[in-house]
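K.L.:
Protein chains in written order, with my numbering: chain A, 1 to 139; chain B, 140 to 257; chain C, 258 to 759. Ideal placement from N, C-alpha and C gives every residue a C-beta, glycine not left out. This is the structure, below, for whatever I ask next.
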Amino acid sequence: MNSTILQTATRYLLPILLLFSVFLLLRGHYYPGGGFVGGLVASIAFVLHSFAFGPHNTMKLIQYKPLSLIPIGLGIAAVSMFLPTFFGYPVMTGLWLEEKIPVIGMIGTALFFDLGVYFVVIGVVLTILFTIALNTEEE
Amino acid sequence: MELILVLLIGILYAAGIYLILRRSMVKLLLGIMLLGNGTNILIFLLGNIVKGKPPIIGPDLKVFTDIYADPIPQALILTAIVISFGLTSFAIVLLKRVYALLGTDDLDNLNTPEEEDI
Amino acid sequence: MIDNQIIATVIVHLFIAIVQLMLWRKSTPQRFLSVGGSLLALILAFKLFFKVYDGGILTMNAANWKAPFGIVFVADLFSSTLVVLTSIAGLAVSIFSCVGVGRQRILYGYFPIFHFLMMGLNGAFLTGDIFNLYVWFEVIIISSFVLMTLGGRKSQLEGAVKYMAMNILASTFFLTGIGILYGISGSLNMADLALRIPKIQNQALVEITATFFLIGFGIKSAVFPLYFWLPSSYHTPPSAVAATFGGLLTKVGIYALFRVFSLLFIPNHFAKELLVVLAILTILTGAFGALIKTNVRRLFSYLIVCHIGFMIGGLGLYNKWALLGAIFYLIHDIMVKTNLFLMAGVIRQLRGTMDMNKLGGLYAQYPKISLLFAVVLFSLVGIPPLSGFWPKIYLFRDAFQLEKYAFAGALIIGSFITLFVIAKMWAQVFWKDTPKPDIIEDKFAGMIGYKRTMLLLPVIMLASASLYIGFNAEAIIHVADKIATQLLDTSPYINAVLGGQN
């Protein structure tokens with residue numbers, strides 16, 4: 001597909017969508033949003049890019065294999081899950097910093113868990129989509 | 140509203156089971172997806188469909204006094220959707236591979252004589 | 258009592274999987290990590306088991322939300338025994354996989370997925386929340402899908418389609434059951450549900466819900482008439498994978514049936530009769546299916562189905578001694594079935610085929626290995642005093658005492674046919690003359706020493722576990738007795754979870 005309108009629009013939409021995904025990620029604890037939705041929006045941004053420019057160009061844009069995001073995300077989520085055990089709480093208990101930080105808001109283990117989910121979702125969705133897209137091109 | 144949803148659940152289950160019983164792989168996948176959606180709506184229906192009644196206890200009360208929208212079914216559906224997203228995407232990739240390998244969509248043809256394996 | 262030790266095995270497997278994902282495509286470190294991690298998990302599982310055995314039921318409220326509002330993990334004796342068995346089988350399979358699984362499959366992420374599967378199994382055994390059980394089931398089936406398709410040969414993918422369709426269907430039934438259960442009772446915590454379900458006025462709806470659970474778990478544990486997917490898919494993946502599936506995956510379904518039908522839905526007369534009838538039909542179909550198969554692994558697949566019936570029957574008889582027998586059989590079955598498929602893998606390495614018509618002469622060439630295999634096969638058949646013998650005594654006795662003569666007959670037929678097919682297999686694979694030499698493709702003879710050890714060590718390990726179960730049956734009966742008591746009298750479980758507040 002080679003549509004100038006789509007390509008031009010994608011150039012502007014990609015950063016906006018990524019920013020929106022981070023926004024969704026950060027407001028997720030008390031409002032609708034969160035890691036899963038944020039990750040989906042971020043991966044949809046890349047999917048849009050691959051519609052406009054083809055999956056090969058998107059892979060060039062990302063540089064790293066999306067698969068490598070999965071262990072990173074899982075690692076962040078798992079560590080934030082098991083961090084409370086070192087303080088004598090049960091697994092997954094929320095630990096929060098006392099001070100509020102501007103823009104981000106409250107920082108706690110739940111936020112890092114969401115961050116991990118965010119990376120895992122991007123990694124999984126992009127891996128699946130690239131697998132399907134590249135297989136189709138080969139045929 | 141409830142009645143419409145109940146009918147919808149029935150239709151989704153019926154259509155899903157009908158599609159699963161067909162011989163085509165794509166219809167099998169669609170049937171599984173419809174069944175999953177029917178289940179999700181079923182769970183949704185169980186959580187009291189009311190508008191503008193969040194499950195928050197007023198400051199001067201100890202228990203719920205009014206009917207409220209139960210948040211747990213929504214959490215369950217969310218989890219179920221995420222899981223079915225993973226399952227469905229895996230199933231699509233699998234069926235695509237099978238189709239590429241066998242060149243057929245017919246489930247009855249999935250019976251090549253066994254090969255040897257490690 | 259808050260105790261994070263309960264889910265230690267889950268944590269270990271999760272972290273192994275994550276680190277292995279970071280070591281993507283580095284097969285040697287992954288192998289070491291897998292064996293080491295499985296060993297650690299085994300030690301932790303034993304620690305948990307002895308703690309539960311001595312100190313009673315342990316619980317942990319995840320995220321510090323009090324039960325019944327949060328997700329609770331419970332380690333009673335039944336769960337912790339199964340965690341120990343899972344860890345033993347997991348260690349054996351992980352050692353076997355180092356050599357028995359092709360390098361290509363390891364490069365495509367065999368080990369991380371295997372550990373996710375083990376994590377799912379441990380989680381499913383330990384959770385005390387019905388929806389959380391569903392989530393662990395999904396972790397298990399997604400990992401098993403990947404393991405099943407890894408390698409991507411034709412027959413494997415064909416088997417995977419059937420496996421996938423039936424398992425997703427089972428999950429949908431299970432989820433529907435959970436939905437209705439929540440709708441009528443308003444809780445998801447199993448201990449809380451156990452208190453609430455008897456108070457529900459519309460008991461007919463409870464029975465319908467129970468049917469949903471029975472169908473869902475029935476598909477997963479391959480109960481008649483829902484077992485067809487098992488023999489048509491278990492012979493396709495590599496033997497290490499088939500060993501995990503055959504030994505553990507169907508047993509999760511059995512565990513869930515036992516848990517749900519002892520804690521939530523106490524079976525009434527009709528349900529007991531139904532379970533016994535299902536058990537009889539499962540035994541017979543599995544046994545007759547095994548009679549005509551010539552492929553070693555297909556034969557074992559049908560034997561899995563056949564022996565599932567023994568356990569379902571024990572649940573259907575539903576008194577203490579029958580449950581004891583069924584649980585003893587479960588303990589024995591996990592060890593032996595895992596070992597059978599590992600043995601099939603070794604046979605494949607020795608001869609390059611698993612078709613009994615092309616096999617033969619193994620006893621002449623490898624007498625020691627053959628004797629080792631004979632021990633396992635005798636345990637399976639239940640020659641006294643080996644492990645398969647003891648649970649059958651309890652099941653027989655109770656079938657007679659409760660005048661379930663059809664079930665007793667099915668037990669006898671099932672055991673005899675098992676004996677017959679194993680004898681036939683022994684004659685065909687080990688005693689028959691070696692077929693024409695041009696078919697043989699002996700990878701084993703060319704292997705260096707440590708690789709041979711890696712292939713045989715897991716078989717020896719599981720065989721000695723079977724021998725231990727057989728010769729020290731008194732200890733196992735003692736454990737099974739305690740488990741059966743806990744299953745029949747659920748008040749300690751409920752008190753442990755809800756803290757006695759009722």
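Judging by CA-CA distance, which residue of A/L19, A/V120 and A/G34 is the nearest neighbour of A/G73?
P.N.:
With distances taken between CA atoms, A/G73 lies nearest to A/V120 out of A/L19, A/V120 and A/G34.
K.L.:
Looking only at its own chain, which residues have a Cβ that is under 7 Å from the Cβ of C/A722, when we skip the five neighbours before and after it?
P.N.:
Here the set comprises I345 and M592.
K.L.:
Can you confirm whether B/P198, when its beta carbon is compared against all beta carbons of chain C, has any partner nearer than 8 Å?
P.N.:
no
K.L.:
Under DSSP, the beta strand (DSSP E) around C/T221 begins and ends at which residues?
P.N.:
Outside the modelled stretch of chain C, which goes from 258 to 759, sits residue 221 of chain C, for which no answer is possible.
K.L.:
If you run the structure through DSSP and keep just helix, strand and coil, what is C/M258?
P.N.:
Confidence at C/M258 is low in this model, with a pLDDT of 45, below 50, so its placement is unreliable and the value that follows should be read with caution. In this structure, C/M258 counts as coil in the three-state DSSP scheme.
K.L.:
Is it the case that the Cβ atoms of C/T493 and C/Q606 are separated by a distance below 8 Å?
P.N.:
Result no, Cβ atoms of C/T493 and C/Q606 do not sit closer than 8 Å.
K.L.:
Looking only at its own chain, which residues have a Cβ that is under 6 Å from the Cβ of A/V125, when we skip the five neighbours before and after it?
P.N.:
Cβ neighbours of A/V125 beyond the five flanking positions: S43.
K.L.:
How is B/D244 classed by DSSP in three states: helix, strand or coil?
P.N.:
coil
K.L.:
Give me the Cα-Cα distance between C/I705 and C/L712, rounded to the nearest whole angstrom.
P.N.:
Taking the straight line joining both Cα atoms gives about 11 Å.
K.L.:
Using the beta-carbon of each residue, which ones in chain C are nearer than 8 Å to A/M59?
P.N.:
Simply none; closest approach about 17 Å.
K.L.:
How should A/P55 be labelled, buried or exposed, when 16 other C-beta atoms within 10 angstroms of its C-beta is the threshold for buried?
P.N.:
buried
K.L.:
Tell me whether the segment 542-555 of chain C and the segment 644-662 of chain C touch, counting them as touching only if at least three CB pairs, one residue from each stretch, are closer than 8 Å.
P.N.:
No, they do not touch.
K.L.:
Determine the extent of the alpha helix (DSSP H) in which C/A702 is found, giving its start and end residues.
P.N.:
Per DSSP, C/A702 belongs to no alpha helix (DSSP H) and is neither H nor E.
K.L.:
Since I believe C/T343 is in contact with C/N379 (beta carbons under 8 Å), could you give me their beta-carbon distance rounded to a whole number of angstroms?
P.N.:
C/N379 to C/T343, Cβ: 6 Å. Contact.
K.L.:
What are the complete alpha helix (DSSP H) segments, minimum 4 residues, inside the segment 491-576 of chain C?
P.N.:
496-501, 507-516, 526-548 and 553-574
K.L.:
Please state whether DSSP places C/D386 in a helix, a strand or coil.
P.N.:
Correct three-state label for C/D386: strand.
K.L.:
State buried or exposed for C/A732, treating a residue as buried only when at least 16 other CB atoms are found within 10 Å of its CB.
P.N.:
exposed
K.L.:
Between the segment 357-372 of chain C and chain A, which residues of the former have a C-beta closer than 8 Å to a C-beta of the latter?
P.N.:
none
K.L.:
Can we say the segment 473-490 of chain C touches the segment 559-575 of chain C, given the rule of at least three CB pairs closer than 8 Å?
P.N.:
yes
K.L.:
Which ranges does the alpha helix (DSSP H) cover as unbroken runs of at least 4 residues, wholly within the segment 28-107 of chain A, from first to last along the chain?
P.N.:
35-53, 55-62 and 69-82
K.L.:
By how many angstroms is the C-alpha of A/Y89 removed from the C-alpha of C/A265?
P.N.:
14 Å
K.L.:
With H, G and I counted as helix, E and B as strand and the rest as coil, what does DSSP make of C/F326?
P.N.:
In this structure, C/F326 counts as coil in the three-state DSSP scheme.
K.L.:
Among A/I107, A/N2 and A/T93, which residue has its Cα nearest to the Cα of A/E142?
P.N.:
It is not possible to answer for residue 142 of chain A, since the shown part of chain A is limited to 1 through 139.
K.L.:
If the cut-off is 7 Å on Cβ atoms, which residues from the segment 13-42 of chain A count as contacting chain B, listed in chain order?
P.N.:
F36
K.L.:
What do you reckon, is the C-beta of C/I398 under 7 Å from a heavy atom of the ligand COA?
P.N.:
This structure lacks the ligand COA, and indeed carries no ligand of any kind.
K.L.:
If you count every other CB in all the chains shown that lies within 10 Å of the CB of A/T8, and 16 or more means buried, which is it?
P.N.:
exposed
K.L.:
Taking the alpha-carbon positions, what's the C/T551 to C/A381 distance?
P.N.:
35 Å
K.L.:
Taking C-beta to C-beta, are B/T237 and B/M164 nearer than 8 Å?
P.N.:
The question names Thr, but residue 237 of chain B in the sequence shown is Val. Taking 8 Å as the Cβ cut-off, B/V237 and B/M164 qualify as a contacting pair.
K.L.:
How about the segment 70-85 of chain A and the segment 168-186 of chain B: do they share at least three Cβ pairs that are nearer than 8 Å?
P.N.:
no
K.L.:
If you draw a straight line from the C-alpha of C/K689 to the C-alpha of C/I604, how long is it?
P.N.:
15 Å
K.L.:
C/M568 to C/A536, Cα distance in whole Å?
P.N.:
8 Å
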